[in-house]
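FYI, in the numbering used here the residues of the sequence shown are 4 to 310.
Yeah, the Cβ is synthetic: ideal placement off N, Cα and C, and Gly gets one too.
Note that the structure is a prediction, hence the values are computed from the model and not measured.
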Amino acid sequence: MVTDFDKALAPILTRFRKRRPMRAGSLLVTIMGDALAPRGAAITLTSLIRLMEPFGVTDRLVRTTVGRQAHSWLVSSRQGRFSQYALSPSALALYAVNTERIYGAETIKWNGQWTLVMFQEFPGDLRQRVRDDMNGAGFGETVPGVFMHPNYSPAAVRDLIAPIGLADKATILQTKPCDSETNADIVRSGWDLADLNVRYRRFIQQFQSVADVLADGADPSPESAFVLRTLLIHEYRRIHLRDPMLPVALLPDNWAGIAAHELCQSVYISVFPRAEEHLISVATRLDGPLPEASSETYARFGGLPRT
């Protein structure tokens, strides 16, 4: 029997399956980070194949994908004929950083100050890396070589730029503009919020139907719950990790990011217990069942139901 939940999930899953290229590696990142990092971050290849099957990812594509990632952010091990893949230490560190951004509170308090980072000089071969790292952390480049953000402390900026080796070539200041118009000018010059807003609105449109069905009391199967949870976070993180996380006072009146966060939170909380049932029943490690989820897992989105 096809339920209302199945009908609401079908177009979301179909849309993912029809993407070309499918980008199984990106889906793998989502599953490893969202479902497995809280439970020891390791899984057998056989289990991973079973977890990815409902998304239309073939056995062969899973093997190819993990093989490509084994030298970057995955660590492989073997026991006889069986293989296991785990997140590398560097991948776990990145996961910890992104966890707060994806599952944390959406509203951010602001004292009205901006943190300004000016690079006096840097080698040409580092120019793009500096931009990528600063933009990835949410900074806007208001003029070439000058980056601004309203929420970073000077100490946090130093930690951010230390791996680049340019801490001694950066001037870090905190300043408070004299009026709201200056704030608006900074936001306009530093970030393309219009494009991000469109992406958030598409996300809401894509998942609103399934959110409504869950609000009406739908009880999905464990596998369907896992599929929805994974696709929900997969789509949300692709948008949200582009978000500079500006305070509400700096956002446009029609900002859809808050509504998108609330929808994601509601759906995730609704399907989490059932999705965990599927994960536990399917996934194993070389040394046995997956360990219990970490206590931090249950703090996601303000608090998850215990399974």
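Checklist line | Where the beta strand (DSSP E) through glutamine 116 begins and ends | finding: Within the sequence shown, residue 116 is the residue found at index 113, counting from 1. For glutamine 116, there is no enclosing beta strand (DSSP E), as DSSP gives it neither H nor E.
Note to self: Here's the rule I'm using: 16 or more other beta-carbon atoms within 10 Å means buried, otherwise exposed. How should isoleucine 261 be labelled?
What the structure shows: Taking the first residue of the sequence shown as 1, we reach residue 261 at position 258. With fewer than 16 other Cβ atoms within 10 Å, it is exposed.
Margin query: Comparing C-alpha positions only, which one of Leu129, Leu119 and Asp215 sits nearest to isoleucine 189?
Written below: If you number the sequence shown from 1, residue 189 lands on position 186. Considering only alpha carbons, the answer is Leu119.
Next item on the list: Determine the DSSP secondary structure at phenylalanine 142, reduced to helix, strand or coil.
Entry: Within the sequence shown, numbered from 1, the residue matching residue 142 stands at position 139. Correct three-state label for phenylalanine 142: coil.
Checklist line | Three CB pairs or more closer than 8 angstroms across the region 34-48 and the region 278-287 | finding: yes
Next item on the list: Write down every uninterrupted run of the alpha helix (DSSP H) in the region 190-226 whose length is 4 residues or greater and which is fully enclosed by it, in chain order.
Entry: 196-218
Margin query: Taking 8 angstroms as the threshold (C-beta atoms), are alanine 228 and valine 274 in contact?
Written below: Reading the sequence shown from its first residue, position 271 is the one you call residue 274. Reading the sequence shown from its first residue, position 225 is the one you call residue 228. A contact, by the Cβ cut-off of 8 angstroms.
Next item on the list: Name the one or two DSSP bridge partners that glutamine 82 has.
Entry: As a position in the sequence shown, residue 82 is number 79, starting the count at 1. Partner(s): Phe85.
Next item on the list: To the nearest angstrom, report how far apart leucine 217 and leucine 266 are at their CA atoms.
Entry: Here residue 217 refers to the residue found at position 214 when the sequence shown is read from its first residue. Here residue 266 refers to the residue found at position 263 when the sequence shown is read from its first residue. So the alpha carbons of these two residues sit roughly 11 angstroms apart.
Next item on the list: For arginine 288, count neighbouring Cβ atoms within 10 angstroms of its own Cβ and tell me buried if that reaches 16, exposed if not.
Entry: Translated into positions along the sequence shown, residue 288 becomes position 285. Buried is the call here.
Checklist line | Nearest-angstrom Cβ-Cβ length linking valine 213 and leucine 54, presumed shorter than 8 angstroms | finding: Along the sequence shown, read from residue 1 onward, the residue named residue 213 stands at position 210. Along the sequence shown, read from residue 1 onward, the residue named residue 54 stands at position 51. In fact, because the Cβ distance is near 20 angstroms, the residues do not count as touching under 8 angstroms.
Notebook entry, point to check: Just how far apart, CA to CA, sit threonine 61 and isoleucine 52?
Noted result: To locate residue 61, count along the sequence shown from 1; it is residue 58. To locate residue 52, count along the sequence shown from 1; it is residue 49. Roughly 8 angstroms between the two C-alpha positions.
Margin query: If you reduce the DSSP assignment to three classes, tell me which class methionine 55 lands in.
Written below: Numbered from its first residue, the sequence shown carries residue 55 at position 52. In this structure, methionine 55 counts as helix in the three-state DSSP scheme.
Next item on the list: Helix, strand or coil for glutamine 123, going by three-state DSSP, please let me know.
Entry: Reading the sequence shown from its first residue, position 120 is the one you call residue 123. Coil.
Margin query: Given this structure, state the Cα-to-Cα distance separating alanine 173 from methionine 121, to the nearest angstrom.
Written below: On the sequence shown, residue 173 is found 170 positions in, with the first residue counted as 1. On the sequence shown, residue 121 is found 118 positions in, with the first residue counted as 1. The straight-line gap from Cα to Cα measures roughly 5 angstroms.
Notebook entry, point to check: Using a threshold of 7 angstroms, is the CB atom of leucine 253 nearer than that to any non-hydrogen atom of the ligand FMN?
Noted result: By its list of ligands, the structure shown contains no ligand whatsoever, and the ligand FMN lies outside what it can speak to.
Item checked: Rounded separation between glutamate 295 and isoleucine 283 - CA only -> In the sequence shown, the residue the question calls residue 295 occupies position 292. In the sequence shown, the residue the question calls residue 283 occupies position 280. Cα-Cα distance, rounded: 9 angstroms.
Margin query: Give me the DSSP bridge partner(s) of glutamine 177.
Written below: Sequence index remark: in the sequence shown, residue 177 carries index 174 (1-based). BP columns for glutamine 177 point to Thr118.
Notebook entry, point to check: Span of the alpha helix (DSSP H) holding isoleucine 105?
Noted result: Indexing the sequence shown from 1 puts residue 105 at position 102. That run of the alpha helix (DSSP H) goes 92-106.
Next item on the list: Could you check what DSSP says for valine 45 in three-state terms: helix, strand or coil?
Entry: On the sequence shown, position 42 is the one that residue 45 refers to. For the sequence presented, residue 45 should be read as alanine rather than valine. Alanine 45 falls in the strand class under three-state DSSP.
Next item on the list: Give the C-beta separation of glutamine 82 and leucine 48 to the nearest angstrom, bearing in mind that I take them to be a contact with Cβ-Cβ under 8 angstroms.
Entry: Here residue 82 refers to the residue found at position 79 of the sequence shown. Here residue 48 refers to the residue found at position 45 of the sequence shown. Contact flag wrong, Cβ pair sits at about 11 angstroms.
Check: What is the residue span of the alpha helix (DSSP H) that histidine 281 lies within?
Finding: Counted from its first residue, the sequence shown places residue 281 at position 278. First-last of the alpha helix (DSSP H) with histidine 281: 260-285.
Next item on the list: Going by CA-CA distance only, name the one from Ala259, Gln116, Arg18 and Leu249 that's closest to threonine 178.
Entry: Taking the sequence shown and counting its residues from 1, the one referred to as residue 178 is at position 175. Between threonine 178 and the set Ala259, Gln116, Arg18 and Leu249, the nearest pair of CA atoms involves Gln116.
Note to self: Measuring straight from C-alpha to C-alpha, what distance separates alanine 73 and leucine 90?
What the structure shows: Here residue 73 is taken as the residue at index 70 of the sequence shown, counted from 1. Here residue 90 is taken as the residue at index 87 of the sequence shown, counted from 1. Rounded to the nearest angstrom, the two C-alpha atoms are 9 angstroms apart.
Next item on the list: Assign proline 157 to one of three DSSP states: helix, strand, or coil.
Entry: Here residue 157 refers to the residue found at position 154 when the sequence shown is read from its first residue. Proline 157 falls in the helix class under three-state DSSP.
Next item on the list: Name the residue from Phe206, Asp215, Asn257 and Leu249 whose alpha carbon lies nearest to the alpha carbon of tyrosine 239.
Entry: Here residue 239 refers to the residue found at position 236 of the sequence shown. Ranking Phe206, Asp215, Asn257 and Leu249 by Cα distance to tyrosine 239 puts Phe206 first.
Check: Does the pairing of the region 235-249 with the region 136-145 give three or more beta-carbon distances under 8 angstroms?
Finding: Result yes; three or more Cβ-Cβ pairs closer than 8 angstroms.
Check: Whose CA, out of Gly70, Ser269, Ile167 and Gly291, lies closest to the CA of tyrosine 106?
Finding: Along the sequence shown, one-based indexing puts residue 106 at 103. Across the set Gly70, Ser269, Ile167 and Gly291, the C-alpha of Ser269 shows the shortest separation from the C-alpha of tyrosine 106.
Item checked: Of the residues Ala108, Ser80, Thr185 and Ser75, the one placed nearest leucine 97, counting alpha carbons only -> The sequence position of residue 97 within the sequence shown is 94, counting from 1. Taking only the C-alpha atoms, the option nearest leucine 97 is Ser75.
Check: What residues are listed by DSSP as bridge partners for glycine 291?
Finding: In the sequence shown, the residue the question calls residue 291 occupies position 288. For glycine 291, which the question treats as bridged, DSSP gives the partners Arg288.
Check: For the candidate residues Asp290, Glu299, Ser298 and Phe304, whose alpha-carbon lies nearest to that of serine 80?
Finding: On the sequence shown, residue 80 is found 77 positions in, with the first residue counted as 1. Answer by Cα proximity: Asp290.
Next item on the list: Label phenylalanine 85 either buried or exposed according to how many other C-beta atoms from any shown protein chain fall within 10 Å of its C-beta, with 16 as the threshold for buried.
Entry: As a working mapping, residue 85 is identified with position 82 in the sequence shown. Result: exposed.
Checklist line | Reduced DSSP category for histidine 74 - H, G, I as helix; E, B as strand; rest coil | finding: Reading the sequence shown from its first residue, position 71 is the one you call residue 74. It is coil, neither helix nor strand.
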